[in-house]
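So in my numbering, spot 133 of the sequence shown is number 133, and the numbers just go up one at a time.
Since the structure comes first, as structure tokens, the remarks are kept for the end.
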Amino acid sequence: DATKRATVEGKGVLNNRISEFIFTRLNEVGVPTHFIRSLNMREQLIREVEIIPCEVVVRNVAAGSLSKRLGIEEGTMLPRSIIEFYYKNDELHDPMVSEEHITAFGWATPQEIDDMMALALRINDFLTGLFLGIGIRLVDFKVEFGRLYEGDMVRVVLADEISPDCCRLWDTRTNDKLDKDRFRRDMGGLVEAYQEVARRLGVLVENEPKRRGPTLVK
């Protein structure tokens, strides 16, 4: 949740570039998203969707709140990927909710929950392989989904972004954190970590200016 905020120079451009790359690849492998194309360093052209007010978290390795809640040592491999739902509300700090809460309060239908879970696992499989290929372990990640209306039809598609802001990414060799935990835990080197992710993905030109205008950490 957005309990800690700051302005971090250059992070927005890196997030946009990384998310653009990932969404393009997901589109190519048949995962439905709202992304159409990048417009510039900070903006994207997307399809209009109705955001489902639930954040979906997929966990592969124990870390963060899961370790605290269940007393599992951070870095422990989970027996299988675990999906969690959180109610999207900054004032309430995005509380964890069950499928019963989601359907009872009308945030999503049972079919939409099934669709979100199926898509989240497909995305997890794709991202796990993508990052492993560049020496990064996908510990966990958060995604959001929306309803895309096409005439009389409506379907659930991936929305928002996928970047180091919403993923836990650890170097497979050193376990160095290459994600927003560097900010949350006052570790320093946030932009440099994001640059390293972008460099390994091949979306950071080595001789380009590495710092640009400010963006808000959400």
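Glycine included, C-beta positions come from ideal geometry on N, C-alpha and C.
As the structure is a prediction and not an experimental result, all values here were calculated from the model.
Roughly how many whole angstroms lie between the Cα atoms of residue i and residue j?
i, j, result
"I123", "Q195", "22 Å"
"V197", "F23", "15 Å"
"I72", "A193", "26 Å"
"R168", "M116", "20 Å"
"D140", "W170", "10 Å"
"R137", "R80", "15 Å"
"D160", "E144", "6 Å"
"R69", "R199", "34 Å"
Which partner residues does residue i have in the DSSP bridge list?
i, result
"M33", "Inspection of the sequence shows that residue 33 is occupied by Thr rather than by Met. Answer is L158."
"V56", "F85 and V143"
"I51", "G146"
"Q230", "Only positions 1 to 218 of the chain appear in this structure, which leaves residue 230 out of reach."
Drop a sphere of 10 angstroms on the beta-carbon of residue i, count the other beta-carbons inside from all chains shown, and report buried for 16 or more, exposed for fewer.
i, result
"S98", "exposed"
"V154", "exposed"
"D165", "buried"
"G129", "exposed"
"N16", "buried"
Helix, strand or coil: which one does DSSP assign to residue i?
i, result
"I134", "coil"
"S65", "helix"
"K180", "coil"
"I72", "coil"
"P110", "helix"
"L39", "coil"
"L92", "helix"
"V203", "coil"
"D165", "coil"
"P209", "For P209, the pLDDT reaches just 48, beneath the cut-off of 50, and the residue's location in the model is therefore unreliable, leaving the point undetermined."
**Request:** Would you be able to state if there are at least three C-beta pairs under 8 Å between the stretch 24–37 and the stretch 174–186?
**Result:** no
**Prompt:** So does the stretch 44–62 actually touch the stretch 88–97, counting three or more Cβ pairs closer than 8 Å?
**Reply:** yes
**Asked** Should the stretch 143–155 be regarded as contacting the stretch 42–50, the criterion being three or more beta carbon pairs within less than 8 Å?
**Response** yes
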